[in-house]
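**Q** This is the structure I have questions about; it appears just below.
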Amino acid sequence: AWPRFGLAVLLTAAAVTLQIAPVRLGHDGQSEHLHLDEAFLVPMAVYLSPPEVAIGTGISSLAATLWFPRGWMRTAFNTGQATATAAVGATVAHTLGTATGTFDVGTGPAAVVGVLLYSVLSMLAVAGIICLAQGTSFSATLRDGVGVRLATWGSALSLGILITAAIDGHGWVLVSAVVPIAMLQFA
């Protein structure tokens, strides 16, 4: 059994790492940075309370905006929307069954639903601010990169389930579950 505070610190540190070292995809001279933070939000939703998830997510978002300075308005928006959407997603996951703090056939899907809600709400918030700042169409902004976004969410959620299973079964296995993410991040 993991001490909750220690696990909260570990998962937050992992989320910070994923924020400051995103996966960089390139194609035809274009590049995109992908953040796989949903991978650690799944175990956070299972093992931590909604406020702990929100705080950990807010810290990771704040760390990223401090690591890559983007101005105070962008820092405030990114940190605020990440914290708020994580709170909503974690509360939904908690309501659907993760309140037990154990990983099983019911809590896994509940965590995935909550984290997917976080992802969708975060995407909507970012699309909304982009539309305001650039005067673009909301629907066009949502459609831009939707295929990559969906693939990233699916991959991150799958890794999240594996990480959660590793924490639940044998904590030491967490190291090997994180290796694929590290390889993607730093390759």
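Read in order, the letters of the sequence shown are residues 206 to 392 in our numbering.
We put the CB at the ideal spot given by N, CA and C, even for glycine.
None of the values given here were measured: they were computed from a predicted structure.
State whether the stretch 309 to 318 contacts the stretch 363 to 377, with contact taken as three or more CB pairs (one from each stretch) at a distance under 8 Å.
**A** The stretch 309 to 318 is in contact with the stretch 363 to 377.
**Q** In whole angstroms, give me the CA-to-CA distance for glycine 340 and leucine 216.
**A** Along the sequence shown, one-based indexing puts residue 340 at 135. Along the sequence shown, one-based indexing puts residue 216 at 11. One C-alpha to the other measures close to 37 Å.
**Q** Any idea what DSSP makes of valine 310, helix, strand or coil?
**A** Taking the sequence shown and counting its residues from 1, the one referred to as residue 310 is at position 105. Of the three classes helix, strand and coil, the one that applies to valine 310 here is coil, per DSSP.
**Q** Alpha carbon to alpha carbon, how far is alanine 370 from glutamate 243?
**A** Translated into positions along the sequence shown, residue 370 becomes position 165. Translated into positions along the sequence shown, residue 243 becomes position 38. When rounded, the distance between both Cα atoms is 15 Å.
**Q** May I have the straight-line CA-CA distance separating glycine 350 from valine 251, to the nearest angstrom?
**A** Here the question's residue 350 lines up with position 145 in the sequence shown. Here the question's residue 251 lines up with position 46 in the sequence shown. Their backbone Cα atoms lie some 29 Å apart in a straight line.
**Q** By a C-beta neighbour count over all protein chains shown, 10 Å radius and 16 as the cutoff for buried, is methionine 249 buried or exposed?
**A** Numbered from 1 along the sequence shown, position 44 holds the residue referred to as residue 249. Flag for methionine 249 reads buried.
**Q** Mind the definition here: the stretch 282 to 294 touches the stretch 256 to 266 only if three or more C-beta pairs lie below 8 Å; say whether that holds.
**A** A contact exists between the stretch 282 to 294 and the stretch 256 to 266.
**Q** Would alanine 295 pass as a contact of proline 255 if the rule is Cβ separation under 8 Å?
**A** As a working mapping, residue 295 is identified with position 90 in the sequence shown. As a working mapping, residue 255 is identified with position 50 in the sequence shown. Yes, the pair counts as a contact, with Cβ atoms nearer than the cut-off.
**Q** Could you work out which residue in Leu321, Ala304, Arg354, Phe308 is closest to glycine 374 when comparing CA atoms only?
**A** Position 169 of the sequence shown, counted from the start, is the residue given in the question as residue 374. Here the closest residue by C-alpha is Phe308.
**Q** For alanine 226, which of helix, strand or coil comes out of DSSP?
**A** Start at 1 with the first residue of the sequence shown, and residue 226 comes out as number 21. It is coil, neither helix nor strand.
**Q** Of the residues Gly261, Trp277, Gln224, Leu246, which one's Cα is nearest the Cα of valine 320?
**A** If you number the sequence shown from 1, residue 320 lands on position 115. Comparing Cα-Cα distances from valine 320 to each of Gly261, Trp277, Gln224, Leu246, the minimum goes to Leu246.
**Q** Smallest Cα separation from threonine 305: which of Leu253, Ala213, Thr222?
**A** Taking the sequence shown and counting its residues from 1, one reaches residue 305 at position 100. Residue Leu253 is the option with its Cα nearest to threonine 305.
**Q** Please list, in chain order, all residues of the same chain as alanine 332 whose beta carbon is under 8 Å from its beta carbon, the five residues on each side excluded.
**A** Within the sequence shown, residue 332 is the residue found at index 127, counting from 1. The residues are Phe343, Thr346, Leu347.
**Q** Thinking C-alpha only, which one of Phe282, Gly211, Arg275, Gln224 is nearest glutamate 257?
**A** For the purposes of this step, residue 257 is taken as the residue at position 52 of the sequence shown. Measuring from the Cα of glutamate 257, the nearest candidate turns out to be Gly211.
**Q** So what does DSSP say about threonine 341, is it helix, strand or coil?
**A** For this step, residue 341 is matched to residue 136 along the sequence shown. Threonine 341: coil per DSSP, three-state reduction.
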